[in-house]
Each structure stands twice: as structure tokens, then as C-alpha cells.
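Chemist: Following this message is one structure expressed as C-alpha cells.
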Amino acid sequence: MPEKYFIQTFGCQQNVADSERIESYYASRGLVRADALEDADVLILNTCVIRDRAEEKVYGMIRSLRSRLGARSPRIVVTGCLIGAAVRSPGGTMMKRLTSRLPDVEFLPLEEVGFEYAPKRAPGKMASIVISNGCNNYCAFCIVPFSRGKERSRPFEEVVLEAEQAAAAGYTEAVLLGQNVNSYGADFLAEKIKEGEAYALPDGKKVKPVMVRHLNRYRIPTLFPHLLERVAQIPGLTKVSFISSNPWDFSEELIEVIARYENIDRTIHLPIQAGSDAVLKRMNRWYTRAEYLALIEKIRARVPGVAFTTDIIVGFPGETLEQFGETIALAREVDFEKAFIAWYSPRPGTAATRGMEDDVPIQEKKRRFAELDAVTFKGKK
Ligand code: SF4
1 MPEKYFIQTF
11 GCQQNVADSE
21 RIESYYASRG
31 LVRADALEDA
41 DVLILNTCVI
51 RDRAEEKVYG
61 MIRSLRSRLG
71 ARSPRIVVTG
81 CLIGAAVRSP
91 GGTMMKRLTS
101 RLPDVEFLPL
111 EEVGFEYAPK
121 RAPGKMASIV
131 ISNGCNNYCA
141 FCIVPFSRGK
151 ERSRPFEEVV
161 LEAEQAAAAG
171 YTEAVLLGQN
181 VNSYGADFLA
191 EKIKEGEAYA
201 LPDGKKVKPV
211 MVRHLNRYRI
221 PTLFPHLLER
231 VAQIPGLTKV
241 SFISSNPWDF
251 SEELIEVIAR
261 YENIDRTIHL
271 PIQAGSDAVL
281 KRMNRWYTRA
291 EYLALIEKIR
301 ARVPGVAFTT
311 DIIVGFPGET
321 LEQFGETIAL
331 AREVDFEKAF
341 IAWYSPRPGT
351 AATRGMEDDV
361 PIQEKKRRFA
371 ELDAVTFKGK
381 K
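Take the sequence shown: its letter number 207 is residue 207 in the working numbering, and every next letter is one higher.
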């Protein structure tokens, strides 16, 4: 009898997509999927660390499972962002703590589950396709550059092939995933970029590297529109969307591609995080409130019927009532279709944790959350 695995996924859509590859990884080793956790020989916990207490949650879950199932407990494998953060923690401190608290648990760094493992998707309409992993942006509140490491883009043709295969298998919607899809390809041919050479797309088109002001270096920020266009042309895909897309490198070219292809989703996720320039600066976000609003207007003018969703953090260190008021005013002005709101929680290793005081009391964070939620809520949760 082959061993059975069960995957429990926490967190975002990218984790869900990673779990689809983790399935393939275990299937390639001869295991089969268990219908329920209780039937599994191996339980894989694909973790999230975007908010605090993630680590405690994993310990708690393992403890309660073992006390509930006793000798019938499956072998446990922990993977995902918690392991990514532990592997990259300075001096291995987090890994040492994890190992001592979970001595009889296996750790699976996601790097071991490469893209050669084709995702085992659940039947349905939508196929998530990871186009890049990791992030180089170091927003002051965010642990992702530590948990997922430096941004790495998948080869253009490999992504297109996966989208074509998904369409051929009957999926009609493709969601292109990356921490910042707009910087897709920025890591390609770094040496050539220094030499000022162009990047050749598979169809022979050349893309020139451009100077990115806030990075003060050349890179190719324009590959994503080409990739999006190529995927939108795949027969059978009636809806193509992408997430996440940062405001600072949302290019004119990208707007043009969205305008040109009706099957590209008209709901765009554009994280603002805060409506105050002072808070945005402390967050290390490279745009101002005015630039964000101008971008929204530009997209609206070019793409009729477009709607926006966003991410907002309330109670970031030093956020005054007046600065929070600017976020409320911006949310009213943009009229987001949906806002994913979080109250700030310090994450290990981030700039905000190292250099800023978490000075907004939790009750006040919750109050600001409720006030913003009331402004943005449209009855669609
Ligand atoms: S919030 Fe900033 S640091 Fe975190 S994944 Fe997004 S762009 Fe990267």
C-alpha cells in the first residue's frame, strides 16, 4: 500500500499554488493523496508568516493533532514561509529554535520543490501560474523578502507553456502570480543589462532595459506586459488576471496591454498600504499618494469599467490620527471594490521591527481597522 499524504495550506494564493507543486513532489515519490487528515501517513503543513503568531499556530496545531490522534499521528513535514524565514534567519537563530521545539518534525525548504514538478491542480476553471517568487523590495513591514528570498523569475517560455497546458486541460482562467508581477524578468541577464544590451523575447521582439529611478540602476521592468499579452492570446483562456502588482512600476505598456485584450481581468489589485506620504515613506514604498491617485486615473481613462482592490495596513509605527485620516480619505476617493485590511503586526527581521516603535496600541489599531472597514465594505465579503 502506498503511503498517503495530506497537505494543509495556510495563507495566500501563492501558497495554494506552491501546494499544487508540493502534491506533485510527493506523488513523484510514490505517495497518494489522502482524503482526510486522519487517513494520512504524512501531513504537510504549508505555512504562512505574513502576520505574527504563525509560528505559535504551527506548534499549537502539531500539539493538538498529536494529543488527538496519539499513536495514529502522521509523520509531520513543515514547509512554506516559516521554513523559508528560518533558513534565512541571521545566524540560523530561527532554525535552531524551530529544531529544538520540533525535534521530531521534518522541514522541507520550498527550494527543493522546483518548477519541474508540474502543479497538480484541483478540477475547476481557474489555474494559478507562478511567474516569479521572492521579492527585493524590503517594504519596512514585510517579511516576504526574508521568507521567500530574492526575486527569481521563471523563464518566459516556461510560463507560457504552463498556461497553454492549463488551457488545453480545460482551465479557462489563468491567474499569474508573483510578489510583484510588474518586476517580472528584472533578474534576467543581469550582465547584459549592465552592458546595455536588449533582451530578446521568444518572438524576436527586443526589450531594452530602462533606468529605474528609485533603484538607481538599469533593469527590465517591462517584460510583464509582454508575458501578459502572450498569455492573453492563448486560445481558451477567457479570463487572465495577475496579482500582486505594485504601483511604482505599473507601466504605460501594461495599461495598453490590458486595454487591448478584453479577456484581461478588469479588476486590478493595486496595494496602496497607506494614504499618507509620511507613512508610505516610512514603509519604504516608492510612490506618493498623488502618484498613486494619478495612476488610478490613468488606468481608468484607458480601461473603461476597471475596478480596483487593494491592501491597507492600519496602525503602522508612528501613524497619527491625521495620517490615518488621509488613508480614509483616499479610500473614499478611489472607491475600492474591496480592501484587504490588516492591523500592523511586527515581523522579525523587518526594518520596522528593527528601527521603529510599535506605538499604536492594539485597541486603537482595531478601532482604525473597523473604521476603514466600514468605509470600504461593499457587502461582498
Ligand atoms: S509588501 Fe513589499 S516587500 Fe512585501 S512582497 Fe510586497 S513588494 Fe515585496
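Virtual Cβ for every residue (Gly too), placed ideally from N, Cα, C.
Alpha carbon to alpha carbon, how far is residue 74 from residue 83?
Modeler: Residue 83 has its alpha-carbon roughly 19 Å from the corresponding atom of residue 74.
Chemist: How far does the alpha helix (DSSP H) with residue 369 in it reach, from first residue to last?
Modeler: Counted as a single uninterrupted DSSP element, the alpha helix (DSSP H) harbouring residue 369 occupies residues 362-376.
Chemist: Pick out the complete alpha helix (DSSP H) segments inside the segment 9-47, 4 residues or longer, and give them in chain order.
Modeler: 13-27
Chemist: Could you tell me whether the Cβ of residue 61 comes closer than 7 Å to any Cβ of chain D?
Modeler: The structure shown contains no chain D; it holds only a single protein chain.
Chemist: State the DSSP-derived secondary structure class of residue 311, mapped to helix, strand or coil.
Modeler: The three-state reading of DSSP puts residue 311 in strand, counting E and B together.
Chemist: Taking just the CA atoms, how far does residue 357 sit from residue 381?
Modeler: Only weak support exists for where residue 381 lies, its pLDDT of 49 falling under 50; the value from the coordinates is given anyway. When only Cα atoms are considered, residue 381 and residue 357 end up about 32 Å apart.
Chemist: Contact check, residue 400 vs residue 228 under 8 Å by CB: the rounded distance?
Modeler: Residue 400 lies beyond the range of the chain shown here (1 to 381); nothing can be said about it.
Chemist: What is the DSSP secondary structure of residue 94, counted as helix, strand or coil?
Modeler: Residue 94: helix per DSSP, three-state reduction.
Chemist: According to the neighbour-count rule (16 or more other Cβ atoms, all chains shown, within 10 Å of its Cβ), is residue 344 buried or exposed?
Modeler: Residue 344 comes out buried.
Chemist: State the CB to CB distance for the pair residue 45 and residue 58, rounded to an integer number of angstroms; the pair is presumed to be in contact (CB under 8 Å).
Modeler: Sure, about 6 Å apart at Cβ, within 8 Å.
Chemist: Can you find the residues in the same chain that come closer than 7 Å, C-beta to C-beta, to residue 300, ignoring five residues on each side of it along the sequence?
Modeler: 306
Chemist: Could you give the residue range of the beta strand (DSSP E) that holds residue 80?
Modeler: 75-80 is the span of the beta strand (DSSP E), which, as asked, contains residue 80.
Chemist: Closer than 6 Å from C-beta to any heavy atom of the ligand SF4: which residues, in chain order?
Modeler: 135, 137, 138, 139, 142, 144, 145, 179, 180 and 246
Chemist: Need the endpoints of the beta strand (DSSP E) that residue 208 sits in, please.
Modeler: Neither: residue 208 is in no beta strand (DSSP E) and is coded neither H nor E.
Chemist: Report yes or no: do three or more beta-carbon pairs, one from the segment 138-146 and one from the segment 163-170, lie closer than 8 Å?
Modeler: no
Chemist: Is DSSP giving residue 132 helix, strand or coil here?
Modeler: strand
Chemist: Classify residue 20 as buried or exposed, calling it buried when 16 or more other Cβ atoms lie within 10 Å of its own Cβ.
Modeler: Flag for residue 20 reads buried.
Chemist: For residue 384, which of helix, strand or coil comes out of DSSP?
Modeler: One cannot answer for residue 384 here, as it falls past the ends of the chain, which runs 1 to 381.
Chemist: I need the boundaries of the alpha helix (DSSP H) containing residue 156, first residue and last residue.
Modeler: 156-168
Chemist: Rounded C-beta distance between residue 132 and residue 152? I'm assuming under 8 Å.
Modeler: 6 Å
Chemist: Please name the residue in 185, 247, 235 and 262 whose C-alpha comes closest to that of residue 226.
Modeler: 185
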